[in-house]
Every structure is written in C-alpha cells, then in structure tokens.
Amino acid sequence: MSISLDEIQAPIAQEMQLFEKKFRTSMKSNVLLLDKIMSYIVKRKGKQMRPMFVFFSANLFTQGITEATYRGAALIELLHTATLVHDDVVDDANYRRGFFSVNALWKNKIAVLVGDYLLSKGLLLSLHNNDFELLKIVSNAVREMSEGELLQIEKARRLDINEEVYFDIIRQKTASLIASCCAVGAASAGATVEEIEKARLFGEKVGIAFQIKDDLFDYGTAEIGKPVGIDIKEKKMTLPLIHALREADWLTKRKVIYNVKNNNGDSKRVQQVISFVKESGGINYTIEQMNKYHLEALAILHTFPPSPSRTSLEQLMAFTIAREK
C-alpha cells in the first residue's frame, strides 16, 4: 500500500505547523484589500511539497532545521506564489487548484500588483535577515522558470521540440524550483558548497521525474484537475508525443502534427493524437525515462548518510511518481 503525503509529513508536522504561522505573518499587509487577497491565497494552499523538501533536506545535515530554514521555505513559497499569480494572468486562467484564480476574482491589474507584492515580500524577507545565499539560490530558480516558459512558447509556435529541448524546458520550468528547495534546505543547515550542489542536483532529478509524471496524466484518466488531452489542445509537445513522432514515418508524422496544430479543441482530433501516442510506444518510453530520473535521484540521495530524513525524502520522491493527481 502506498504511503500518503500526511504520513510522509508526520516527522516534521510540528515544523510545518510553525512554518504555516510564519508564512502567514510574512504575507501580512496594512492595505485591507491586499490582506484579504493574501488570506484567500493562504487558504488555497496545495500539497505543500516544496516546504517539505526544504525541511527534510535541512535535516540531512547535523545543524538541521534553523530559523533560516523557515525563512528559506517562506521565500520559495512567496516567489513561487508570485509566479503562479502572474501565470494565471498570462494564461487568462480562471481557476487554480479548483478555486477561482486571483485574476478571476479581482481582475488582471490587481493580480499583477499582487504578484509584484509577493515578490517584494520575498526579497525583503531575505535582505532583512542577510540570507544572501538563499536569495541567490531562489532568484536563480525564478530566472530559470521564466526562461523555460519562454523557451516553450517559442518552440510551441513551430512544434519543433525534440527530446533535448523538452528536457531543457522541464528542467528550467519545473525541476529548478524543487532543486532550489533542496539547495535552500542544505544551505540553511550550514552545508558546504559541494553538499548544497549535491542537494540541488538531487532536487533537479526529482523535479524532472515529477514533470514527466504530470505529462503522462494527459494521456490517462486520473483526476488531476485538468482534462485529458489538455496539453495537446494547447499545442504543448511533451515526451510521449515527441518520442512517438520520432518513431513514425514521414506521412504519419505530418498528419499527427497537422492534427495538433489545427485541433481547435476538437475532441476527435485530440483523441486521434492520444491513440497514436499509445500505439507508438510513447507512454512506455516516457515511463522508462521517469524511472531513470527517479533512480538517478535515489543514487545521489544515497551518498548522504542514512537518517530518518533521508528515508522521508525517499518516500516523498516515490510519492511524486506514484501519485494519481
């Protein structure tokens, strides 16, 4: 029987409760409207996997969780939340995790300003406490996330994403954030430069496996908050499709790419693409790649001494690829 996220979180349950209080405090504002929106954002918190990666990574080291660890986790959540609020404006999205998005409730202008506010709160939290190393790690992740998003947009116009470009995109868009969680945890616990880099690389491998799992959902039936085929409808080239096209003959490839480019939300065309990917071995190949990154992450993690936190990170990593939503 697979372990639940609550069970994985149990060893740091107290720390997570304290973190929630500190995070709420870090989002406070004297402007009534802003405070109302901050309260709404906090209530819609997701699985909180990012803070878990921070705390478990810190506990890999002798110094363990410190005040800097709480600030580092808050910095990541503030900057990440800022990017999500801005993403919803860019995507004209009305929902986020099943709730109305900030822009849907308060319009785009306010949503952009809220994102800016969250970004500034994160920067100031670090600057006021001289957490320059943590700020450097997280700022670098935000830069990578932006670059990854823009790279995907650029390539989506021509549908010329190959496997190498795909991995570049997901490494920057998704994996860089989980990598920064692990690096921040290590740095906050007084780890060496080499240890921080090792923790970062571990997080990067986990993040890539996490995103591959997400891309697989597009071809299945799991309830994950997005309909099956949504990536195809949005003309996103993910690994199952990239591999299937690579193995196809010229005529089939041309037909499938035409269907992706011109589907206009047509369920029949989208279903044809999904069937082609499944029949061409795209799903099996993608699962193999996900498992490869999982094993590479495990190998890095096992270079750290055995500890309860190392076990928790193993469980958290296993959860990311076994989850059904």
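For the sequence shown, the residue numbers in this note's numbering are -17 to 307.
In this text, a Cβ means the ideal position worked out from N, Cα and C, and glycines have one as well.
Quiz prompt | Candidates V94, A55, G46 and E49: closest to D69 by CA position | solution = Against the sequence shown, residue 69 aligns to sequence position 87. Selected option, being the one with the closest Cα: V94.
Quiz item: Comparing alpha-carbon positions, which option in K215, I256 and K250 lies nearest A226?
Solution: Against the sequence shown, residue 226 aligns to sequence position 244. Ranking the options by Cα distance to A226, first place goes to I256.
Exercise. Following the continuous alpha helix (DSSP H) through I216, name the residue where it begins and the one where it ends.
Key: As a working note, residue 216 is residue 234 in the sequence shown. The sequence as given places Glu at residue 216; Ile does not occur at that position. That residue, E216, is in no alpha helix (DSSP H); it is neither H nor E in DSSP.
Quiz item: If you draw a straight line from the alpha carbon of Q253 to that of H276, how long is it in whole angstroms?
Solution: Within the sequence shown, the letter at position 271 stands for residue 253. Within the sequence shown, the letter at position 294 stands for residue 276. If you take the alpha carbons of Q253 and H276, they lie about 29 Å apart.
Quiz item: Counting along the chain, where does the alpha helix (DSSP H) carrying T51 start and finish?
Solution: Here residue 51 refers to the residue found at position 69 of the sequence shown. E49 to V72 is the extent of the alpha helix (DSSP H) around T51.
Self-check item: Reference A171; option with closest CA among D213, L116 and S158
Solution: In the sequence shown, the residue the question calls residue 171 occupies position 189. Among D213, L116 and S158, the Cα nearest to that of A171 belongs to L116.
Self-check item: Residue from I214, I190, Y148 and M20 with nearest C-alpha to L87
Solution: Taking the first residue of the sequence shown as position 1, residue 87 is located at position 105. Nearest C-alpha to L87: M20.
Quiz prompt | Straight-line Cα distance separating V147 from K243 | solution = Stepping through the sequence shown from its first residue, residue 243 is reached at position 261. Stepping through the sequence shown from its first residue, residue 147 is reached at position 165. Each residue's Cα considered, the two are about 19 Å apart.
Quiz prompt | C-beta contact flag for F184 and I282 at 8 Å | solution = Position 202 of the sequence shown, counted from the start, is the residue given in the question as residue 184. Position 300 of the sequence shown, counted from the start, is the residue given in the question as residue 282. Result yes, Cβ atoms of F184 and I282 sit closer than 8 Å.
Quiz prompt | A64 vs L105 beta-carbon contact at 8 Å | solution = Looking up residue 64 in the sequence shown gives position 82. Looking up residue 105 in the sequence shown gives position 123. No.
Self-check item: 8 Å Cβ cutoff met for S308 and C163
Solution: As displayed, the chain neither begins before -17 nor continues past 307, which places residue 308 out of reach and without an answer.
Quiz item: Would you call the CB atoms of G167 and A181 closer than 8 Å?
Solution: On the sequence shown, position 185 is the one that residue 167 refers to. On the sequence shown, position 199 is the one that residue 181 refers to. Yes; because the gap between Cβ atoms is below 8 Å, this pair is in contact.
Quiz item: By the 10 Å Cβ neighbour count, where 16 or more other Cβ atoms means buried, how is Y201 classified, buried or exposed?
Solution: On the sequence shown, position 219 is the one that residue 201 refers to. Buried, by the Cβ-count rule.
Quiz prompt | Candidates K4, V259, S249 and I152, of which the one nearest L60 by Cα | solution = Stepping through the sequence shown from its first residue, residue 60 is reached at position 78. Nearest of K4, V259, S249 and I152 to L60, Cα basis: K4.
Practice problem: Could you tell me which residues DSSP puts in a beta bridge with R78? | Solution: Residue numbering aside, residue 78 sits at position 96 when the sequence shown is read from its first letter. DSSP lists F81 as partners of R78.
Quiz item: Taking buried to mean at least 16 other C-beta atoms within 10 Å of its own C-beta, is L223 buried or exposed?
Solution: Position 241 of the sequence shown, counting from 1, holds the residue named residue 223. With 16 or more other Cβ atoms within 10 Å, it is buried.
Quiz item: Under a Cβ-count criterion, where at least 16 other Cβ atoms within 10 Å of its own Cβ denotes burial, should M(-1) be classed as buried or exposed?
Solution: Numbered from 1 along the sequence shown, position 17 holds the residue referred to as residue -1. Sequence inspection shows Gln at residue -1; the Met mentioned does not correspond to that position. Exposed.
Quiz prompt | Run of the alpha helix (DSSP H) containing D197, from where it starts to where it stops | solution = What you label residue 197 is simply residue 215 of the sequence shown in a count that begins at 1. Counting along the chain, the alpha helix (DSSP H) containing D197 begins and ends at V175 to F199.
Quiz item: Which residue comes first and which comes last in the alpha helix (DSSP H) that contains D150?
Solution: Here residue 150 refers to the residue found at position 168 when the sequence shown is read from its first residue. Element bounds for D150: E145 to I152.
Quiz item: Excluding sequence positions up to five away, which residues of its chain have a Cβ less than 6 Å from the Cβ of E229?
Solution: The sequence position of residue 229 within the sequence shown is 247, counting from 1. Correct list, in chain order: S262.
Quiz item: Which residue's Cα is closest to the Cα of N241: S(-14), K260, K217 and F149?
Solution: Within the sequence shown, the letter at position 259 stands for residue 241. Out of S(-14), K260, K217 and F149, K217 has the C-alpha closest to the C-alpha of N241.
Practice problem: Reducing DSSP to helix, strand and coil, say where R292 ends up. | Solution: Sequence index remark: in the sequence shown, residue 292 carries index 310 (1-based). Of the three classes helix, strand and coil, the one that applies to R292 here is helix, per DSSP.
Self-check item: F37 classed as buried or exposed, judged by whether at least 16 other C-beta atoms fall within 10 angstroms
Solution: Position 55 of the sequence shown, counted from the first residue, corresponds to residue 37. Its Cβ being crowded by 16 or more others within 10 Å, F37 is buried.
Self-check item: Spatial distance of V308 from D113 (CA atoms)
Solution: Given a span of -17 to 307 for the chain in the structure shown, any question on residue 308 remains unanswerable.
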